[in-house]
Structure formats: structure tokens, C-alpha cells
Amino acid sequence: MMNAKKIILSLLLFPFFLHAQDTKEIEQKKKEALIYYNIAMSSDKMGNYDRAVEYFLKAYELDSITYADAYSRIGNSFCNALKYREALPYFQKHLEKFPHTTESQMNMGNTYYVLEEYEKAITFYEKTLAIDSTHRTACRNMGNTYYNLKNNEKYLKYFKKAARLGDSEIQNWLRANGETW
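Per numbering that gives the first Met the number 0: the sequence shown ends with 180, consecutive numbering throughout.
Written as C-alpha cells, this is what we have:
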């Protein structure tokens, strides 16, 4: 009779034991992810971008919720290493996770700008401005993009908007070129 009680008690407690094990495993993964993320951040700061990418990915694999920004960070690491084409897929993944953030849109726009794919850059700067019409950097970058496309009317439009939003460098540039805003 005593064995039957032990068996029944064991069966009743087994799910709780499994839950405790799962919780321990999750906590261990979170700790490892934090270590990997910190290694990635340090590596990026020290200019070891390949290592940064490797460890951002490891952190993300272990804890994709806490380190949801990993794709953006990986893209930035590639940009810091001047590997812009390699950055795009990671910025795209970040954009898919966070389509309504200016950061996601700006990362794509800035990367296309550096790659001199100006029409694509404009598309993402426009999306940034649709999210936040007062995004000063998006206005400046739109102006720079149209400047490179030699579209004087549009670059001045966006430079003047950036100046009205308080971009002092653009204000100085406009002033030096006899423009008001």
C-alpha cells in the first residue's frame, strides 16, 4: 500500500519536477545569452566585428526575446567592418520583426545610401518620415540623397525641413549657401 501511495505521489509531482527543470534550463540559457551578448558588444567596440557577429547570433539563438535587437546589432557590426552588402539581410530581418520603428527603416536607408542605391534609400527614408515626420536625420539624409541625385528642388526641401527641425550643421550649410529656411 505504501508503494502505491509513493507511485501516485510521484505521478502527481512529476509535472512540477519537469517545470522546475525547464525553469532551470531557461535561466541557464538566459545567463549564457547575456555572456554571449556582452562578448559581442565588447568585440564590436574593439573592432573585432566577425567575433561580434558570431556572439550576437549565439545570444539571439539562446534568448530571442531579450536580444531581439541582435539583427540590428549584427547589421551595424557589418557596417562598421565596411561590409554593407552583408549588413542588409540582417537589417531586413530586424525590419521584419520591427516594421514600425524608425531605427529599422533608417538602417536600411543608410545602408542603401552608402551603396549608392539612392532610390532604395529614399524609399526607406520616406517610410521613416511616415512613422515620424519630425525625424531630423531622415530629413537630412533625404536631402543628401537628392543632392547626390542632383535634384536641387528636393534636396533643398529636405535640407530646409532638417534646418527647421534644428539640424545646426544643415542650418550652417544653408546659411553659407545663401538659403533661408
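C-beta atoms are modelled at their ideal positions from N, C-alpha and C, and glycine is treated no differently.
Threshold first: 4 residues or longer. Then list the alpha helix (DSSP H) segments lying entirely within the stretch 107-142, N to C.
117-130
Three or more beta-carbon pairs under 8 Å between the stretch 164-172 and the stretch 125-143, yes or no?
yes
DSSP on alanine 175, reduced to helix/strand/coil?
helix
For leucine 17, which residues in the same chain have their Cβ closer than 6 Å to its Cβ, ignoring the five residues on either side in sequence?
Residue confidence is low: leucine 17 scores 49 on pLDDT, short of 50, so the model does not pin down where it sits. Its coordinate-derived value is still stated next. If we look at leucine 17 and ignore the five residues flanking it on each side, it has no Cβ neighbours.
Between the alpha carbons of tyrosine 59 and threonine 65, how many angstroms are there, rounded?
8 Å
Buried or exposed for arginine 267, please, with buried defined as at least 16 other CB atoms from any protein chain shown within 10 angstroms of its CB.
Any answer about residue 267 is impossible in this case: the structure gives the chain only from 0 up to 180.
Could you pull out every residue in the same chain whose Cβ sits closer than 6 Å to the Cβ of histidine 93, ignoring the five residues on either side in sequence?
Tyr70, Ser71 and Ser103
Alpha carbon to alpha carbon, how far is glutamate 24 from lysine 156?
55 Å
Put leucine 17 into one of helix, strand or coil per three-state DSSP.
Note on leucine 17: pLDDT 49, under 50, position unreliable in the model; no value is reported.
Own chain, CB closer than 7 Å to alanine 32, minus 5 neighbours either side, in chain order
Ala58, Leu61, Asp62, Thr65 and Tyr66
Return the chain-ordered list of same chain residues with a C-beta closer than 6 Å to the C-beta of asparagine 140, the five sequence neighbours on each side being excluded.
Tyr124
Using 7 Å as the threshold, is the C-beta distance between asparagine 147 and tyrosine 117 below it?
yes
Measuring CB to CB, does alanine 86 end up less than 7 Å from phenylalanine 97?
no
Leucine 88 lies in the alpha helix (DSSP H); which residues open and close that run?
Residue identity check: residue 88 is proline in the sequence provided, not leucine. Element bounds for proline 88: 83-96.
Between histidine 99 and the rest of its own chain, which residues show a CB-CB distance below 7 Å, the 5 nearest in sequence each way excluded?
Ile130
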